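Visitor: There's a structure below that I have some questions on.
2 protein chains.
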Amino acid sequence: MKVLEERIRRDGIVEDTDVLKVDSFLNHQMDVELFAEMGREWARLYAGEGVNKILTIEASGIGVACVAAQAFHVPVVFAKKSRSKNIAGEVYTAPVESFTHGGVYDIMVSRRFLLPSDRVLIVDDFLANGAALQGLISLVRQAGATLIGAGIAVEKAFQPGGARIRAMGIRVESLARIKCMSPEKGVEFC
Amino acid sequence: MKVLEERIRRDGIVEDTDVLKVDSFLNHQMDVELFAEMGREWARLYAGEGVNKILTIEASGIGVACVAAQAFHVPVVFAKKSRSKNIAGEVYTAPVESFTHGGVYDIMVSRRFLLPSDRVLIVDDFLANGAALQGLISLVRQAGATLIGAGIAVEKAFQPGGARIRAMGIRVESLARIKCMSPEKGVEFC
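Right under this line is the structure:
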């Protein structure tokens, strides 16, 4: 998606060959008009798939998921990163490995909001190792819902997450796919 | 706001005289079309105030803030709940007392995204004791930005937060103000 690629080139900060800061428009300060364009693009890509729910994960996925959901006219459910023990039976949970902070945390979603009749699109801001996305996929599977695919804003295509998820037969639509990057040369897209 | 009050009456679950669950449409599953109506209402209430930025706090404030921001055509910045030590000088921080989980946590926002020239509207899903809102107000003050007011979805008017913040001379527009509630009698609005 040209407009997102151009925005990354203009306002993204490449701190390292694998660290891209997009906090001025994507995941700290958020450009909601850009999010609306991204939502319309996912709606075009997933037209006719009968998506009736968008699933995302706190915190930085929530903004883009909520704005995008308006293009689908569907509700959003966000998975919570749990710090406390959960009440057995009320939630679906999945472990997620954190590459940023180290260790493993659990994500959870209430069973009341993921149903076997749901046709779910997962939306998130970043795809790198795919750990969070795999956790979200697990929640959809546990609920017996239909997974339509994933809508990702920025995919680091040089990391293994995207290839791994697609190899599972899951459709992934990333609006900007980064082939490689460096502080000297900037970002190169696929 | 009638539509929000009716939704709370219909889908809110009063678990106790001070616990209201609205997780089916406000803070776990999220009705983005309701959020858009709420955004238009805040835009009407704060028309002519020159709001150029919306500030909220992770996680459940982000969805309503992002959808509402579309009615203002402004970006959103969300304060993060920090678990780690922050790099001195790069962020504004404020302590927030947690009544739900106990203890005190820090919230933080990058100095790059709150400027003295900003005219800030704070948006959040709930106002009860006002601890999170006071933390957000502190961030705005530290930045030297102008605080226009707060847009709150649900205010528990029987708890002291709203009165305390208004006594500071800050405008607070809550779209549903709960006077009292109980599992037997349901919710009564102000």
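Each protein sequence line maps, in turn, to chains R and F. For the first sequence, position 119 (counting from the first letter as 1) is numbered 119 according to this note's numbering, and the numbering increases by one without interruption. For the second sequence, position 33 (counting from the first letter as 1) is numbered 223 according to this note's numbering, and the numbering increases by one without interruption. Idealized CB from N, CA, C, for every residue including glycine. Since we're looking at a predicted model, the values are computed, not measured.
Can you tell which of A321(F), V362(F), I198(F) and L326(F) has its C-alpha closest to the C-alpha of A340(F)?
Guide: It is V362(F).
Visitor: Starting from the C-beta of V344(F), find all residues in its chain whose C-beta is less than 6 angstroms away, skip the five residues before and the five after it, and write them out in chain order.
Guide: Closer than 6 angstroms at Cβ, skipping near neighbours: F316 and A366.
Visitor: Grab the span of the alpha helix (DSSP H) containing A226(F) for me, first residue to last.
Guide: Residues V222 to L235.
Visitor: Between which two residues does the alpha helix (DSSP H) holding I312(F) run?
Guide: No alpha helix (DSSP H) holds I312(F); the beta strand (DSSP E) holding it covers R309 to L317.
Visitor: A69(R) versus chain F: which residues are under 7 angstroms apart at the beta carbon?
Guide: Those within 7 angstroms of A69(R) in chain F are V222.
Visitor: Could you list the residues in the stretch 52 to 65 of chain R with a C-beta less than 7 angstroms from some C-beta on chain F, going in chain order?
Guide: Those would be E58, A59, I62 and G63, in chain order.
Visitor: Where do the N-terminal and C-terminal ends of the beta strand (DSSP E) with V286(F) fall, by residue?
Guide: V281 to E287 is the span of the beta strand (DSSP E), which, as asked, contains V286(F).
Visitor: Counting only beta-carbon atoms, is V266(F) nearer than 8 angstroms to chain R?
Guide: Yes, because at least one Cβ of chain R sits closer than 8 angstroms to the Cβ of V266(F).
Visitor: Name the two residues that bound the continuous beta strand (DSSP E) containing R367(F).
Guide: Note, R367(F): beta strand (DSSP E), V362 to S372.
Visitor: By DSSP, does S82(R) sit in helix, in strand, or in coil?
Guide: If DSSP states are grouped into helix, strand and coil, S82(R) belongs with the strands.
Visitor: Provide the residue(s) that pair with V109(R) in DSSP beta bridges, ordered along the chain.
Guide: For V109(R), which the question treats as bridged, DSSP gives the partners Y92(R).
Visitor: Compare the C-beta of D106(R) with all C-beta atoms of chain F and state if any pair is closer than 8 angstroms.
Guide: Taking Cβ atoms only, chain F never reaches closer than 8 angstroms to D106(R), which makes this a no.
Visitor: Since M191(R) contacts L4(R) with CB under 8 angstroms, what's their CB separation in whole angstroms?
Guide: Here chain R has residues from 1 to 190 only, and residue 191(R) is not among them.
Visitor: Do Y92(R) and Q142(R) have their CB atoms nearer than 8 angstroms?
Guide: It is a contact, given that the beta carbons lie within the stated cut-off.
Visitor: In angstroms with no decimal places, state the Cα-to-Cα distance between M108(R) and I152(R).
Guide: In a straight line, the C-alpha of M108(R) is about 20 angstroms away from that of I152(R).
Visitor: Out of E205(F), I198(F), D221(F) and V310(F), point me to the one whose CA is closest to E239(F)'s CA.
Guide: Of the listed residues, the one whose Cα sits closest to E239(F) is V310(F).
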